[in-house]
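*Asks:* Numbering (the numbering used here), first residue to last: 4 to 160.
We put the CB at the ideal spot given by N, CA and C, even for glycine.
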């Protein structure tokens with residue numbers, strides 16, 4: 004289990020180093036084009052994914068902290084139980100690291116720092132961060148593992 008906790012810690016460290024760098028380099032809402040479809044932009048998200056509940060008046064900060072803490076407890080229990088299953092454990096470790104990275108932002112700053120911004124013509128994806136990426140990759144691995152597991156068990160006589 005220790006190696007999976009190190010993976011989660013690596014996500015948290017990478018997340019916070021990149022957030023620190025962006026926060027100390029860019030002004031709020033300043034955008035730096037990197038590629039025609041990708042920019043770095045400093046934004047503060049008081050909501051959840053896609054700024055869900057961002058304008059809820061402040062109560063959402065502690066609600067999302069509580070959700071993150073509950074998720075951490077559940078993921079830790081699952082990680083302990085499934086530490087011997089590499090793909091599942093990696094997925095859980097990525098989600099854990101991402102969740103804790105964003106929870107730390109909410110506790111310390113009152114918002115999550117987002118800065119990765121993909122756009123093309125009139126289409127724009129909401130800005131996100133390394134923690135969000137880890138959660139997304141971890142969730143995709145969980146789905147893949149779940150589908151693969153069902154496929155294997157369904158093919159057995």
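For residue 30, does the count of other Cβ atoms within 10 angstroms reach 16, so buried, or fall short, so exposed?
*Replies:* Per the 10 Å Cβ criterion, exposed.
*Asks:* So, do the region 130-146 and the region 96-105 have three or more beta carbon pairs nearer to each other than 8 Å?
*Replies:* yes
*Asks:* Could you pull the DSSP bridge partners for residue 117 from this structure?
*Replies:* 46
*Asks:* At which residues does the alpha helix (DSSP H) containing residue 36 begin and terminate?
*Replies:* Where residue 36 is concerned, there is no enclosing alpha helix (DSSP H), although the beta strand (DSSP E) it sits in stretches over 34-38.
*Asks:* Output yes or no for whether 7 Å exceeds the beta carbon distance between residue 183 and residue 118.
*Replies:* Nothing about residue 183 can be read from this structure; the chain reaches only from 4 to 160.
*Asks:* Considering only the beta carbon of each residue, do residue 130 and residue 16 sit closer than 7 Å?
*Replies:* no
*Asks:* Which runs of the beta strand (DSSP E) fall wholly inside the region 64-151 and span at least 3 residues, in chain order?
*Replies:* 115-123
*Asks:* Which whole-angstrom value describes the C-beta separation of residue 100 and residue 10, a residue pair presumed to lie in contact below a C-beta threshold of 8 Å?
*Replies:* 7 Å
*Asks:* In terms of residue numbering, what span does the alpha helix (DSSP H) encompassing residue 8 cover?
*Replies:* 5-28
*Asks:* Can you list, in chain order, the residues of its chain with a C-beta nearer than 8 Å to that of residue 33? Leave out the 5 residues immediately preceding and following it.
*Replies:* 44, 45
*Asks:* Compute the Euclidean distance between the alpha carbons of residue 18 and residue 133, then round it to the nearest angstrom.
*Replies:* 5 Å
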